[in-house]
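Numbering (the working numbering), first residue to last: 1 to 132. Even glycine gets a Cβ: it sits at the ideal position worked out from N, Cα and C.
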């Protein structure tokens, strides 16, 4: 069963306007409709906005991945983030999709792809999380 709306737990996500996330055992999805305040001086999406969306969703996915484990109910703190920015777009909507790469006893690794309107990847982000 999927859960949604981790925005209430993410003041930044709420402030930036992230749509409610949909998180299930296999993957998570979240979208953002780009507004003028999400852009850099060239009119393209600010890289920090792309990374914030990826990190927000990856954290929700890490929490879901640890349901039923000793880490259940604990906030999954990101301790490492590696991002590869592949391209950019102006305006439109961006979509983040996260999947679990590895869930160990203490460390959870999440891979998130942020795509543009055309479905092509804008960024590939890998995050490592541990329970707080």
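Same chain, Cβ closer than 8 Å to residue i, neighbours up to 5 away in sequence not counted
| i | result |
| --- | --- |
| residue 85 | 47, 50, 122 and 123 |
Nonlocal neighbours in the same chain, by C-beta distance under 7 Å from residue i, ignoring five residues either side
| i | result |
| --- | --- |
| residue 61 | 23, 28, 98, 100 and 110 |
| residue 72 | 66 |
Distance, residue j Cα to residue i Cα
| i | j | result |
| --- | --- | --- |
| residue 45 | residue 34 | 7 Å |
| residue 74 | residue 132 | 6 Å |
| residue 13 | residue 43 | 21 Å |
| residue 18 | residue 106 | 28 Å |
| residue 53 | residue 32 | 8 Å |
Sheet register partners of residue i (DSSP bridge)
| i | result |
| --- | --- |
| residue 61 | Residue 61 is not bridged to any residue. |
| residue 30 | 96 |
| residue 121 | 115 |
Other residues of its chain near residue i: CB distance less than 6 Å, five sequence neighbours each side excluded
| i | result |
| --- | --- |
| residue 8 | Any answer about residue 8 is weak, because its pLDDT of 42 lies below 50 and its placement is not dependable; what the coordinates show is given next. For residue 8, where only same-chain residues beyond five positions count, there are no Cβ hits under 6 Å. |
| residue 103 | 65 |
| residue 91 | 34 |
| residue 113 | 97, 121 and 124 |
| residue 1 | Because residue 1 sits at a pLDDT of 44, beneath the cut-off of 50, its placement in the model cannot be relied upon, and the following sentence gives the value as read from the coordinates. Answer for residue 1: no residue qualifies. |
Simplified DSSP assignment, three categories, for residue i
| i | result |
| --- | --- |
| residue 83 | strand |
| residue 129 | strand |
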